[in-house]
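Just so we're aligned, residue 265 is where the sequence shown starts under our numbering, counting upward by one.
Heads up, the beta-carbon is just placed ideally off N, CA and C, and yes, glycines get one too.
Inspection log for the structure reproduced underneath, given as C-alpha cells.
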Amino acid sequence: MSTGASEGPRAVDERRHDDGVDVFTFLAGTPGATFGLHVDVVTLPALGTAWYWAAVIEEGRPLVTLLETETPLPRRDHDLELRTSGLWADHVCETPLVHWSLGLEAFAVGLDDPTGAWGDFRGDRVPLGFDLEWEHDDGGYSAAPGHDVFWSLVTGEVLVGREAYDLTAHGWRGHRWGGAVPWTGPGATIAAVVDGEPVHAGDGVAGVASDTTGVRWRPGAGLDSLDGVVHRGEPLPVEVIGWSPVRVPNDGFDLRIARAFCRFGDRGNGWIELVGV
C-alpha cells in the first residue's frame with residue numbers, strides 16, 4: 265500500500281469542514297466476494313443540502329440501492345445524522361482515526377438491471393438497514409491533500425428485506441474535503457485486498473505509479489468500460505460480482521459513476537470506482 269503523502273491523518277479532519285464539500289465513503293466486502301456494500305455521505309454547505317448513497321451487492325441477486333439528494337445538512341459540524349420522511353442514517357466517529365459506527369433505517373430499490381440507477385430508479389421497494397462498525401488498526405494515511413484513507417475491519421448486522429446478515433468483512437473508509445463538487449471525471453480508483461495486502465490506487469492518489477496498480481478502462485463506454493486491473497505489472501483476472509451506478513446531480517454538472525464489486529480470481533477482491541462512464 266502506498267502512503268502517498270508523508271503526513272498522516274489528523275483527528276480534527278475527521279469532522280466536516282465548512283469551506284467546501286465533504287465526501288465520506290465506507291466500503292465493505294466479504295473475503296469470498298459474495299457480499300459487499302458501500303455508503304457515501306456528501307455534504308454541500310453552499311447548497312444547504314446533503315446526499316446519501318448506499319448499496320448492497322450480493323452475488324446472484326439484484327442490486328439494492330438508495331439515493332437521497334435533498335437531505336437537509338446535519339445541524340452540527342461533528343454530526344452526520346441525516347433525516348428525511350423516508351430516511352434515517354447516522355454516522356458517528358466514536359474514536360477519531362480508529363472507530364466509526366453507522367446506522368440506517370430506510371427503504372431502498374431493488375434493480376435487476378443496475379443501469380436503472382442512471383434512469384428513473386424504478387424497482388421493487390426493499391427495506392434496508394445497517395448497524396455496522398468500521399474499526400481501524402493502522403491509523404490510516406493521507407493519500408493526497410484533503411484525502412484520508414483507512415483500512416478497516418467491518419462488523420455488524422445488515423437487514424435487506426426480510427433477511428438479516430451478520431457481517432464480518434474487510435473494509436475501507438475514505439474522507440475527502442474541499443472543492444465545489446464531490447466528483448470530477450473521468451477517473452478510476454481501486455480499493456481492494458490482493459494477496460492478503462490492502463491496495464488503494466487511482467487518479468489523484470499521490471505516490472502511486474501507474475505500473476504498480478491501475479485500472480484499465482475506457483471512459484464513456486458504460487459498464488463495458490472496465491477492461492481489467494494491473495497489480496505490480498501483472499494483469500489480474502476480474503470478475504464483476506455486481507455494479508452500483510449513480511448519476512451525480514448538480515447545477516450544470518451531470519456525471520455518471522459506477523462502482524464494481526469484484527473478485528480477482530484467487531488473488532483477492534475489492535471495489536473499483538469509475539467516474540465518467
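Should residue i go down as buried or exposed, given a rule of 16 or more other Cβ atoms within 10 Å for buried?
i	result
Trp436	buried
Asp286	buried
Gly529	exposed
Pro446	buried
Glu278	buried
Phe414	buried
Asp412	buried
Ala485	exposed
Cutting at 6 Å between CB atoms, please list the residues of its own chain near residue i, excluding the five before and the five after it.
i	result
Phe288	Val305, His439
Gly540	Gly449, Pro450, Pro483
Glu323	Thr298, Ile505
Phe385	Val373
Trp352	Glu369
His281	Trp441
Leaving out five residues before and five after residue i in sequence, what residues of the same chain have Cβ atoms less than 7 Å from its Cβ?
i	result
Ser270	For Ser270, the predicted structure reports a pLDDT of 47, less than 50, and the residue's modelled location is therefore unreliable. A value from the coordinates is still provided. Result list for Ser270: empty, nothing under 7 Å.
Val303	Phe290, Ala318, Leu366
His355	Phe288, Val305, Leu344, Trp364, Leu366
Leu375	Pro326, Leu327, Thr329, Ala381, Gly387
Gly410	Arg440, Trp441, Gly442
Closest to residue i by C-alpha separation, out of the options, would be which residue?
i	options	result
Ile321	Cys526, Arg531, Ser365	Cys526
Ala314	Thr335, Gly300, Val328, Gly393	Thr335
Gly350	Thr333, Glu461, Trp364, Val494	Thr333
Leu396	Asp376, Pro409, Tyr429	Tyr429
Gly537	Gly492, Pro273, Asp282, Val276	Contrary to the premise, residue 537 reads as Glu rather than Gly in this sequence. Out of Gly492, Pro273, Asp282, Val276, Gly492 has the C-alpha closest to the C-alpha of Glu537.
His400	Leu361, Val510, Ser489, Phe385	Leu361
Arg426	Gly393, Trp398, Gly410, Ala452	Gly393
Ile454	Trp481, Ala275, Ala433, Leu431	Trp481
What did DSSP end up calling residue i once you bin it into helix, strand or coil?
i	result
Ser406	strand
His411	strand
Ser349	coil
Ala470	Bear in mind that a pLDDT of 49 at Ala470, under 50, signals an unreliable position, so the number given afterwards is only what the model happens to contain. Correct three-state label for Ala470: coil.
Leu327	strand
Thr307	strand
Apart from the five residues on each side of it in sequence, which residues of its chain come closer than 8 Å, Cβ to Cβ, to residue i?
i	result
Ala444	Gly284, Val285, Ala310
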